[in-house]
Amino acid sequence: MTSVKVKKYFLFCLLLITAINIFAQNCNSDSVVLKILENECSAMPATYNNSIKLFSNGAAKFEDMFAEIANAKHHIHLDYFNFRNDSIGNALFDLLAVKAQEGVEVRAIFDAFGNSSNNQPLKKKHLKKIREKGIQIHKFKPVRFPYIDNFFNRDHRKIVVIDGHIAYMGGINVADYYIKGLPEIGDWYDIHIRVEGDAVVQLQDMFLKLWNKSTEQNVGGEQYFPPVDSAFSGDKTMIIIDRTPNETPKQMRCAYAVAIREAQKSIKIINPYFLPVHKVKKELKKAIKRGIDVEIMIPAKSDIPFTPDGSVYVAHSLMKRGAEVFLFDEGFHHSKIMMVDSLFCTVGSANLDSRSLRYDYEVNSFIFDREITDSLTHIFENDKNRSTKLTPEVWKERSCWKKFVGWVARLLTPFL
0 MTSVKVKKYF
10 LFCLLLITAI
20 NIFAQNCNSD
30 SVVLKILENE
40 CSAMPATYNN
50 SIKLFSNGAA
60 KFEDMFAEIA
70 NAKHHIHLDY
80 FNFRNDSIGN
90 ALFDLLAVKA
100 QEGVEVRAIF
110 DAFGNSSNNQ
120 PLKKKHLKKI
130 REKGIQIHKF
140 KPVRFPYIDN
150 FFNRDHRKIV
160 VIDGHIAYMG
170 GINVADYYIK
180 GLPEIGDWYD
190 IHIRVEGDAV
200 VQLQDMFLKL
210 WNKSTEQNVG
220 GEQYFPPVDS
230 AFSGDKTMII
240 IDRTPNETPK
250 QMRCAYAVAI
260 REAQKSIKII
270 NPYFLPVHKV
280 KKELKKAIKR
290 GIDVEIMIPA
300 KSDIPFTPDG
310 SVYVAHSLMK
320 RGAEVFLFDE
330 GFHHSKIMMV
340 DSLFCTVGSA
350 NLDSRSLRYD
360 YEVNSFIFDR
370 EITDSLTHIF
380 ENDKNRSTKL
390 TPEVWKERSC
400 WKKFVGWVAR
410 LLTPFL
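Numbering that gives the first Met the number 0 numbers the first residue of the sequence shown as 0 and each following residue consecutively.
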């Protein structure tokens, strides 16, 4: 063998070993995080045979979900923070009424506070008409004075399960503004997923536990947990993070903290109410310190006053440590997503604030799949072009009043 061939041979071996090491490191990162979530955070067992369809807007989500509801044969279960009394809400209940008349079991639960806090709530007369059409609908935890505790532990989940085979989860409620936007803040952006596979069993279990607890019924049995069709094939690995007050109260913030702690290269976050609890903020600071590329996107405008200035204030403190912060300008980004190392991501209902991480019922999926993670990363990168990067100069241009409001909001982080 000539010296040239020897050099080429050794170069090839070196490249091959390097590629194998990189692949092993990435796989190891995946498996390590997955096991830590299961063990340290007491997350639900991972499922490995799922298929996932990603929706980046309300119109696509509703079109797909309505089509599957129309095909339902046995049951339709819906759990939302609110159902607005608007055109999309009315269309949904009209369709559910048709299915109920066909003999399909329809159960819907919504949060009482979430309903009363929007300007088009379902009132008693609406609920009466809905029930008359054969739909079982229940208001979760009505707020009654003087029971102060009822203001906490709200149901902020968004779960739909159809026939025990198909589920939807993410950040999109039932409201027209997910399609039409709002005049004062523009278009409304959010992320939702459709799931098939063993993870549906876990989402169904979450729904039925909340339903039975709230209604004092005892709905259950094999008919709600049918086996996965033998013809079905899915290859997506998921872990469902279920935050149930008094049962799994620390699970969600533990999952976020672990994912950030185990990051080796990059962390990309989009969250509308960025006021992270101490544990999560501490891990973000550590990640920045060890050289991880941390990028955070928050909306410049919001549907809730006070909170945006607090989010910018907290994000600015991380920017000074080395994070890149982007203020999304073209509407309201209601998405709750995080991508880590281009290897895995999370999609769900949880905001990065105390209300979601300390008080409310929430559900997120941690998805260990490059394709889904890349799709979300692509959304992030595109939306950077529609954002203002927070720099020292941009911060200086903010009014003293906005800075003061942000400072106050930071002090109130444990309660927001």
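We put the CB at the ideal spot given by N, CA and C, even for glycine.
Endpoints, alpha helix (DSSP H) assigned at residue i
i	result
Met251	Gln250 to Arg260
Thr376	Arg369 to Lys383
Cys399	Cys399 to Leu410
Glu131	Lys123 to Glu131
Glu323	Glu323 -> not in any alpha helix (DSSP H); beta strand (DSSP E) instead, spanning Glu323 to Phe327.
Phe61	Gly57 to Ala69
Phe82	No alpha helix (DSSP H) contains Phe82, which DSSP labels as neither H nor E.
CA nearest to the CA of residue i, picked from the options
i	options	result
Lys285	Arg320, Lys267, Asp228 and Lys212	Arg320
Pro304	Glu294, Lys401 and Ala71	Lys401
Ser364	His76, Val173 and Lys235	Lys235
Ala42	Met205, Ser86, Gly170 and Asn172	Met205
Ala262	Pro248, Thr243, Ile239 and Ile291	Ile291
Arg409	His315, Lys132, Lys335 and Gln135	His315
Ala174	Arg289, Gly88 and Met296	Gly88
Ile184	Arg369, Asn118, Asn217 and Pro298	Pro298
Gln135	Trp210, Ser116, Lys179 and Phe231	Trp210
Asp189	Asn118, Arg369, Leu53 and Leu317	Leu53
Ile161	Asp63, Lys127 and Phe109	Asp63
Ala111	Ala99, Thr372, Arg143 and Asp368	Arg143
Lys249	Ser353, Leu181, Phe367 and Asn217	Ser353
Phe61	Pro44, Ala90 and His73	Ala90
Beta-carbon proximity of residue i to residue j, cut-off 8 Å
i	j	result
Ile35	Val194	no
Val227	Asn38	no
Gly405	Gly309	yes
Asn84	Pro141	no
Phe325	Ser265	no
Ala322	Glu294	yes
His191	Ser355	no
Thr243	Tyr272	no
Ile240	Val362	yes
Phe379	Lys300	no
Tyr79	Asn152	no
Ser341	Ile269	no
Tyr223	Gly133	no
Ile238	Leu202	no
Asp359	Met296	no
Phe343	Asp302	no
Ala69	Leu94	yes
Val32	Ile75	no
Ser348	Gly170	yes
Glu456	Asp186	Residue 456 lies beyond the range of the chain shown here (0 to 415); nothing can be said about it.
Opening and closing residue of the beta strand (DSSP E) in which residue i lies
i	result
Thr236	Lys235 to Arg242
Val194	His191 to Glu195
Ser265	Ser265 to Ile269
Thr345	Phe343 to Gly347
Phe139	Gln135 to Phe139
Ala166	Ile165 to Gly169
Glu294	Asp292 to Pro298
Asp78	His74 to Tyr79
Thr387	Ser386 to Lys388
Leu53	Thr46 to Phe54
Glu104	Glu104 to Asp110
Cβ-Cβ separation, residue j to residue i (assumed contact under 8 Å), whole Å
i	j	result
Thr345	Asp197	Not really, about 18 Å apart at Cβ, beyond 8 Å.
Cys399	Ala254	Rounded, the Cβ-Cβ distance is 38 Å, inconsistent with contact.
Leu375	Val279	Contact flag wrong, Cβ pair sits at about 19 Å.
Gly57	Tyr167	Wrong, their Cβ atoms sit about 12 Å apart, outside the cutoff.
Glu67	Ile129	Not a contact, Cβ separation roughly 20 Å.
Ile420	Ile287	Nothing in the structure corresponds to residue 420, since the chain is present only between 0 and 415.
Val313	Leu274	6 Å
Burial state of residue i (16 or more Cβ within 10 Å)
i	result
Phe22	With a pLDDT of 41 at Phe22, under the threshold of 50, the modelled position of this residue cannot be trusted; read the value that follows with caution. Per the 10 Å Cβ criterion, exposed.
Lys124	exposed
His277	exposed
Ala107	buried
Lys138	buried
Thr390	exposed
Ala416	Residue 416 cannot be examined here, being either before or after the span of the chain that is shown, 0 to 415.
Ser30	exposed
Leu411	exposed
Ser86	exposed
Phe82	buried
Ile114	Reading off the sequence shown, one finds Asn at residue 114, where the question assumed Ile. When all chains shown are included, Asn114 counts as buried.
Lys395	exposed
Phe403	exposed
Asn20	Its pLDDT being 45, under 50, Asn20 is placed unreliably in this model, and the coordinates cannot settle the point.
Val407	exposed
Arg252	buried
Lys98	buried
Phe327	buried
Residue i beta carbon near the ligand HEM (any heavy atom closer than 7 Å)
i	result
Met43	Among the ligands in the structure shown, none appear at all, so the ligand HEM cannot be discussed.
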